[in-house]
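Residue numbers (the working numbering): 368 to 572. Ideal placement from N, C-alpha and C gives every residue a C-beta, glycine not left out. Every value quoted in this text rests on a predicted model; they were computed, and no experiment measured them. Some notes on the structure that comes next.
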């Protein structure tokens, strides 16, 4: 779904949730105040209450509608999830991570057939521009799940997934630790706003 279709869908969803037409004053004012889906997804009840015509009930309806939209945009987990290429990992995490305002470091645990074991796990939440994760934390979780390999992922709140020197450095540390422990680090995926970078594809690991 492209950006404009997403905006149209969200406007329609908010209109339904608030019993307002998509072009109503309240819906338009919401998008004037929060012009991007990223900003709206992170809007608080208190921020919404500052908009004329929105009381506590409507503010809660908006927050609930955005949470519902994000939940339904996630890939279905009814079928086994396999990671065969970087796009597979990005597809699994994009909708959940693209609007986050802090860096989060998430790990996918895989078995010998590259099937994802359990749920992706957030192992670190950083500041606005830096996530610090220690290899011991990552591989303790991997060994606990009897993982054959892992794919590590984190987001850039700026929306630009270009790897930083720190991203490349932590990837090397994790790869070296994985070689010692016997758990392969298949890739490091950086999630931006609808786009991603694979450090494996870039030849950075």
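Indicate the three-state DSSP secondary structure (helix, strand or coil) for residue i in the structure shown.
i, result
"residue 401", "coil"
"residue 500", "coil"
"residue 538", "helix"
"residue 379", "helix"
"residue 557", "strand"
"residue 471", "strand"
"residue 483", "strand"
"residue 527", "coil"
"residue 387", "coil"
"residue 552", "strand"
"residue 429", "helix"
"residue 477", "strand"
"residue 568", "coil"
"residue 517", "strand"
Could you name the residues of the same chain whose beta carbon sits closer than 8 angstroms to that of residue i, not counting the 5 residues immediately before and after it, in chain order?
i, result
"residue 558", "457, 460, 461, 464, 465, 520, 521, 522, 523, 528"
"residue 564", "528, 529, 530, 556, 557"
"residue 455", "448, 449"
For residue i versus residue j, is the C-beta spacing smaller than 8 angstroms?
i, j, result
"residue 509", "residue 550", "yes"
"residue 479", "residue 487", "no"
"residue 472", "residue 430", "no"
"residue 556", "residue 504", "no"
"residue 397", "residue 416", "no"
"residue 399", "residue 449", "no"
"residue 516", "residue 477", "yes"
"residue 392", "residue 420", "yes"
"residue 568", "residue 402", "no"
"residue 485", "residue 451", "no"
"residue 404", "residue 377", "yes"
With a threshold of 8 angstroms between beta-carbons, can residue i be considered close to chain E, or not?
i, result
"residue 399", "The chain inventory of the structure shown lacks chain E, comprising one protein chain alone."
Taking the alpha carbon of residue i as the reference point, which residue from the options has its own alpha carbon closest?
i, options, result
"residue 367", "499, 531, 506", "No answer is possible for residue 367: the residues shown for the chain start at 368 and end at 572."
"residue 469", "540, 409, 561, 454", "409"
"residue 385", "425, 401, 538, 415", "425"
"residue 428", "512, 453, 387, 451", "387"
"residue 363", "534, 454, 483", "The structure shown does not extend to residue 363, since the chain is modelled only from 368 through 572, so no value can be given for it."
"residue 562", "402, 525, 413", "525"
"residue 548", "514, 537, 489", "514"
"residue 432", "379, 538, 395", "379"
Give every residue of the same chain whose Cβ lies closer than 7 angstroms to the Cβ of residue i, excluding the five residues on either side of it in the sequence, and list them in chain order.
i, result
"residue 544", "502, 506"
"residue 444", "Here residue 444 scores only 47 on pLDDT, less than 50, and its place in the model should not be relied on; the value that follows carries that caveat. Counting only Cβ-Cβ distances below 7 angstroms, and skipping sequence neighbours, we find nothing."
"residue 541", "502, 505, 519, 552"
Cutting at 6 angstroms between CB atoms, please list the residues of its own chain near residue i, excluding the five before and the five after it.
i, result
"residue 467", "522"
"residue 407", "401"
"residue 560", "465, 526"
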